[in-house]
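Residue numbers (my numbering), protein chains in the order written: chain A, 1 to 286; chain B, 1 to 389; chain C, 1 to 395. Please read the structure below before turning to the comments.
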C-alpha cells in the first residue's frame with residue numbers, strides 16, 4: 001500500500017520536472033542575470049566589462065529619465081486592451097452563439113493572421129494608414145481629417161497597431177469562456193423579464209468574466225512591453241518603454257540601465273496584475 | 001374535473017375567440033427541413049394542471065417555447081387572458097418557464113436566482129417574497145449557496161421558485177423531472193401537484209413520461225408528429241383511446257383485427273377472426289367496416305378451458321399460454337390465439353386461482369364495455385415502440 | 001507512521017548548530033563568486049587570438065556582407081565567378097548584415113571571448129569598424145599581399161584617424177549622406193538647418209538612425225567640425241536636435257524604409273544615403289538628392305578580417321582583386337555607391353557606361369572637398385555619446 005503511494009508521489013515529481021527545468025532555464029536564470037545586470041556599475045562598457053557595484057541609482061535614474069515612456073506605454077496598452085475587449089467580445093460572442101456551422105472556420109480565421117509574420121502585418125498597416133492610403137484619403141474627402149492631417153506616426157496609429165496585433169489573444173480566451181455559457185441561461189434571463197441588454201449584463205457578462213480577465217491580461221501584458229508597433233507606426237513623440245529598452249540594449253549598449261528598466265517594467269506589471277485579479281475576484285485563475 | 005376535458009376538446013375543435021386561459025390557434029412552426037408543430041389548436045383553461053405528452057421530437061417542447069416566446073411561430077396565434085401575445089417579447093410575457101435542466105444562474109446564489117425576476121420588474125418587498133417562495137419549496141436554509149452546491153431535487157425546487165415568484169399567468173414546465181432519479185421524481189410529482197393546488201396558477205407540463213402526466217395532470221394532450229392526437233382527462237384517455245397511437249403510448253393495448261358486422265342500438269358487433277364480440281357504440285371510433293378491436297391487458301380475464309368466466313358476451317376460446325412473467329402483484333401472460341396473434345393478459349395475484357404455465361390451454365374473456373374499436377387505417381403498432389428515455 | 005515517542009522540542013544545541021550552518025553557507029556564498037555578478041571586458045588581443053591560416057590547403061573564403069552590395073554572384077562572368085576561376089578559391093558569400101549595431105550584438109559574445117564566428121571577412125561601417133578594431137577583434141592585414149589597395153584607394157578615404165595606414169581595413173564601397181526631398185510636394189531643402197526649422201516640414205521629416213550620420217550634421221549646424229569637436233559642442237548639437245524632436249519637427253529616426261515614406265508623401269524631406277536615393281529615383285524621379293550647405297558626410301563600409309578567421313590569405317587576395325580598376329568598374333556599374341578605386345572611372349568611360357558620369361558614384365573633387373567624416377571616439381566618449389543619442393531618439 002505504502003509502495004503505491006510512494007510511486008504516485010514520484011510520478012508527480014517526474015511529470016513536474018520538465019516544467020521546473022523549463023522555468024529555471026528560461027525564467028529564473030535569465031531573470032537573475034537581468035537583476036544582477038541592473039545593479040552593475042553604470043560606467044562599465046564592453047571594453048572594460050562590468051562589475052557588481054550594487055548601483056541602486058540605476059533604478060532611480062531609469063525612472064527619472066524614462067517615466068514618460070512608462071506612462072505612455074501604460075496608456076497605449078490600456079487603450080489597446082480596451083478596444084480589443086470591445087471588438088473581441090463582439091467577435092467572440094458572434095462566433096460562440098451566432099456562427100452555427102461556420103464556428104470552426106471563424107476560429108481559424110481569427111488565428112489566420114498568425115500565419116504571417118508579426119512584422120509584415122504591422123508593416124502593411126503602414127501602407128493602410130499612410131498619407132496616400134485609402135483611409136486617409138477617405139477621411140480627408142469626408143473632411144473628418146484636415147488636408148494636412150495624417151494618421152501614421154500618431155498615437156492613434158500605435159494604439160491601432162497594438163489593437164490589431166493583440167486581438168486574437170483577446171478573442172480566444174473570450175471565446176472559450178462565452179462558448180461554455182449555456183444558451184438556455186440567456187433564454188432563462190429573457191423568460192425572467194430581462195430584456196437582451198439587461199440579460200447581457202446580468203448573465204452573459206458575469207459568466208464570461210474569466211475570459212475577460214485572461215483576455216485582458218494576455219493583451220495588456222505583451223502590449224505594454226511591445227516595441228514593434230511603435231517602431232513602425234509611431235514617431236519620436238510616441239516612444240514606448242519597449243523601444244527605449246531595445247535601443248539601450250542594442251544601440252547604446254547601456255546594459256545596466258536597460259536591465260533596470262526591464263526589471264521595473266516587470267515588477268510594475270506583476271503588481272498591476274495582482275491588483276487587477278484581486279479586484280476582479282478571480283484569484284483562482286492564477 | 002374529468003368532465004372538463006370533454007368540454008375543452010369541443011372548444012379546441014371549434015373556431016372562435018378563446019376564453020380567459022391560454023389559446024393556440026392554427027399554431028405552426030416550420031424549421032428548415034421539417035414541420036415541428038402543424039396547425040395546432042389548443043385551449044388551456046385558467047388554473048388547470050395541463051400536460052403535453054408525447055415522444056421526443058413530437059413538437060411539444062417547440063409548442064412550449066412558442067408560448068414562452070423563445071421561438072417565433074411560422075404562422076398562427078397565441079392568446080393569453082384574451083390578449084394576442086404571438087409576437088410579444090419573452091421578457092414582456094406573463095409566462096415563466098422551468099427549464100429542462102433548470103438553467104439556474106451559476107454565478108448567483110439561491111436567493112438571487114429566485115429574486116432575478118422580481119428585481120427586473122423592480123417590484124417592492126423582494127426579500128419577503130423570496131423567503132416566502134423558498135418556504136414554499138422548503139429551501140429556506142440554502143439561500144446563500146450557489147446552484148452547484150445543491151442536489152438535483154433542490155435545484156429543481158429553486159427553478160420552480162424562481163419561476164413561481166413572478167406569479168405568471170401560465171407556468172411552463174419543460175420535462176422538469178427528467179434529470180431526477182425515480183424515487184425523487186415520484187416525490188417531486190406529488191410536491192408539484194401540491195404547489196400547483198396551493199398557488200392556483202395554470203401549469204403546462206411537457207413530458208414524455210405517460211405515468212408522470214397521468215399522476216399530475218387534470219388534462220392531458222397527447223401529441224404526435226406535430227399534432228394533438230387526443231386530449232382529455234387521464235382516465236378518459238386511458239379507458240377510451242381514440243387512436244392506436246394513444247392506445248399504445250398510454251399504457252399497453254391488445255389490438256385485434258376485426259370486421260364490423262352491425263351497428264345496431266348501443267352496440268357494435270365485430271367479427272374477430274370468426275368470433276363475434278360486442279363493443280358499445282360510443283367506444284367505436286372506426287367508420288369503415290374494418291377496425292381494430294382494442295382491450296387493455298388488465299381488462300382481459302383468463303380461465304381454464306370451458307370454465308365459466310364472469311364476462312357476459314365476449315369469450316374467446318382456444319388460447320395457449322406462450323409466456324409467463326410473475327411480477328409479484330400480478331402475473332403477465334402472453335397467450336397465443338388460434339389466429340396466431342399473441343395477446344397480453346395481466347392478472348392480479350388474488351390467490352383465487354392457480355398460476356398457469358406455458359403450454360396450458362386457456363380461454364379469454366372481457367366485458368364489452370371495456371373494449372374499444374379503432375380505425376383500421378391506423379398503424380396497429382403506432383406509439384408502442386417508443387422508449388421511455 | 002506514528003511519530004517516535006517523546007519527540008523532543010528544538011533544543012538549544014540544535015538551534016545553535018542550525019545557525020552555524022546558515023552562517024557557513026552565507027560565508028561560502030560570499031566567498032564564491034556569484035555567477036552573472038560580473039561581465040569581463042570584451043577586449044581581445046588579435047596577436048594571440050588568431051587561428052592558423054589554412055588558405056593554401058583549404059581554398060575557401062567565407063564572407064558576410066550587406067544585401068544587394070555586389071553584382072549577381074552566380075552569373076558566369078560576375079566579379080565573384082571570375083575571382084573563383086582565377087584563384088581556385090571557392091567563395092561562400094552571405095548577405096546577412098543589415099545593421100551595424102545588430103551585427104555587433106550578434107557577434108559580441110563570441111568575438112568578445114575569443115571564439116570564432118566562422119567568417120573570414122565581414123563588412124562594417126567606419127565607426128563600427130573603428131570600434132571593432134579598438135576592441136582587438138580584427139586581424140592586421142599583410143600590405144605586401146594587397147598592392148592594388150595601397151596603390152588605387154582614392155585619397156579621400158586614406159588616413160582615416162582610426163586606421164591611418166590601412167592596417168586593418170579596406171573600404172568596400174563608400175557613400176555620402178545628404179538630404180533628399182520630394183520635389184513633387186515641397187520646394188528644395190538646401191540645408192540641414194532648414195530641415196530642422198522650416199515650419200512647412202514640421203512633423204514631416206525623418207533623420208537617420210545612425211548617430212554619426214545625424215550628429216555630424218547637427219555639429220555642423222552649431223558650427224563645429226565633426227572631424228574634431230569638443231564635449232561642449234557635442235552638447236550644443238545634441239540640445240538643438242533634442243529641441244527639434246521635442247517640438248515634433250522630426251517624425252522619426254529611420255534607417256530602413258525612409259525613402260518609401262518620402263515617395264508616398266508620408267514625409268517631405270529626410271536625411272538620406274546617396275545609394276538609396278539613386279535606387280529610389282529609378283521609380284520616382286521627383287526624389288532629389290541635395291548637397292546641404294553643411295556639406296556631405298562621407299563614409300565607407302569596410303572589409304575586415306575577424307579574429308580566428310582561417311582563410312586570411314584568401315581574404316587578402318579578394319581585397320587585392322577588387323582593387324583592380326577593371327574589377328572595380330564592373331562592380332561600380334552595378335552598384336549605386338561611391339567607387340573607392342582610382343582608375344575605375346577611366347575604365348568605365350572607355351566602355352561608355354553612363355554611371356561613369358554620375359557624381360554620386362564618382363564624385364567630383366569639388367564635392368569630395370566638401371565632405372567630412374566623424375572623429376574617432378574613445379571608449380568613454382563612445383558610451384556617453386551613444387547614451388545621449390539613445391535618450392534623444394527614444395523620445
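Even glycine gets a Cβ: it sits at the ideal position worked out from N, Cα and C.
Any chain A beta carbon closer than 8 Å to residue i
{"i": "residue 42 of chain C", "result": "yes"}
{"i": "residue 266 of chain C", "result": "yes"}
{"i": "residue 242 of chain B", "result": "no"}
{"i": "residue 189 of chain C", "result": "no"}
{"i": "residue 105 of chain C", "result": "yes"}
{"i": "residue 387 of chain C", "result": "yes"}
{"i": "residue 383 of chain C", "result": "yes"}
{"i": "residue 96 of chain B", "result": "yes"}
{"i": "residue 242 of chain C", "result": "no"}
{"i": "residue 296 of chain B", "result": "no"}
{"i": "residue 357 of chain B", "result": "no"}
{"i": "residue 150 of chain B", "result": "no"}
{"i": "residue 101 of chain C", "result": "yes"}
{"i": "residue 162 of chain B", "result": "yes"}
{"i": "residue 34 of chain B", "result": "no"}
Opposing strand residues paired with residue i [DSSP bridges]
{"i": "residue 332 of chain B", "result": "B:325, B:346"}
{"i": "residue 171 of chain C", "result": "C:302"}
{"i": "residue 138 of chain A", "result": "DSSP output for residue 138 of chain A lists no bridge partner at all."}
{"i": "residue 270 of chain C", "result": "C:180, C:206"}
{"i": "residue 30 of chain B", "result": "B:35"}
{"i": "residue 257 of chain B", "result": "B:292"}
Exposure of residue i, with buried meaning 16 or more beta-carbon neighbours within 10 Å
{"i": "residue 337 of chain C", "result": "buried"}
{"i": "residue 149 of chain C", "result": "buried"}
{"i": "residue 326 of chain B", "result": "exposed"}
{"i": "residue 85 of chain C", "result": "exposed"}
{"i": "residue 29 of chain C", "result": "Confidence at residue 29 of chain C is low in this model, with a pLDDT of 46, below 50, so its placement is unreliable and no value can be given for it."}
{"i": "residue 176 of chain B", "result": "buried"}
{"i": "residue 30 of chain A", "result": "exposed"}
{"i": "residue 28 of chain A", "result": "exposed"}
{"i": "residue 239 of chain A", "result": "buried"}
{"i": "residue 352 of chain B", "result": "exposed"}
Chain C within 8 Å of residue i, Cβ atoms only
{"i": "residue 187 of chain A", "result": "no"}
{"i": "residue 235 of chain A", "result": "yes"}
{"i": "residue 4 of chain A", "result": "Note that residue 4 of chain A scores a pLDDT of 49, beneath 50, so its modelled location is shaky and nothing firm can be said."}
{"i": "residue 69 of chain A", "result": "yes"}
{"i": "residue 23 of chain A", "result": "no"}
{"i": "residue 138 of chain A", "result": "no"}
CB-CB length for residue i against residue j, believed under 8 Å
{"i": "residue 176 of chain C", "j": "residue 296 of chain C", "result": "4 Å"}
{"i": "residue 243 of chain A", "j": "residue 162 of chain A", "result": "So it is not a contact: roughly 13 Å between Cβ atoms."}
{"i": "residue 290 of chain C", "j": "residue 190 of chain C", "result": "7 Å"}
{"i": "residue 126 of chain C", "j": "residue 156 of chain C", "result": "Incorrect: roughly 13 Å between the Cβ atoms, too far for contact."}
{"i": "residue 346 of chain B", "j": "residue 279 of chain B", "result": "With 8 Å as the limit, residue 346 of chain B and residue 279 of chain B do not qualify as a contact, their Cβ atoms being about 20 Å apart."}
{"i": "residue 124 of chain C", "j": "residue 360 of chain C", "result": "That belief does not hold up - the Cβ atoms of residue 124 of chain C and residue 360 of chain C are roughly 22 Å apart, past 8 Å."}
beta-carbon residue i near the ligand SAH non-hydrogen atom, thresh 7 Å
{"i": "residue 302 of chain C", "result": "Among the components of this structure there are no ligands whatsoever, and the ligand SAH is therefore not found."}
Residue-level contact to chain B via CB, residue i, 8 Å cutoff
{"i": "residue 206 of chain A", "result": "yes"}
{"i": "residue 164 of chain A", "result": "no"}
{"i": "residue 192 of chain A", "result": "yes"}
{"i": "residue 179 of chain A", "result": "no"}
{"i": "residue 195 of chain A", "result": "yes"}
{"i": "residue 226 of chain A", "result": "no"}
**Item:** Unbroken stretches of the alpha helix (DSSP H), 4 residues or longer, contained in the region 32-104 of chain B
**Value:** 60-68
**Prompt:** Which ranges does the alpha helix (DSSP H) cover as unbroken runs of at least 4 residues, wholly within the region 101-126 of chain A, from first to last along the chain?
**Reply:** Runs of the alpha helix (DSSP H) lying entirely within the region 101-126 of chain A and spanning at least 4 residues, in chain order: 103-111.
**Request:** Counting only runs of 3+ residues fully inside the region 74-147 of chain C, write out the beta strand (DSSP E) ranges in chain order.
**Result:** 90-94, 121-125
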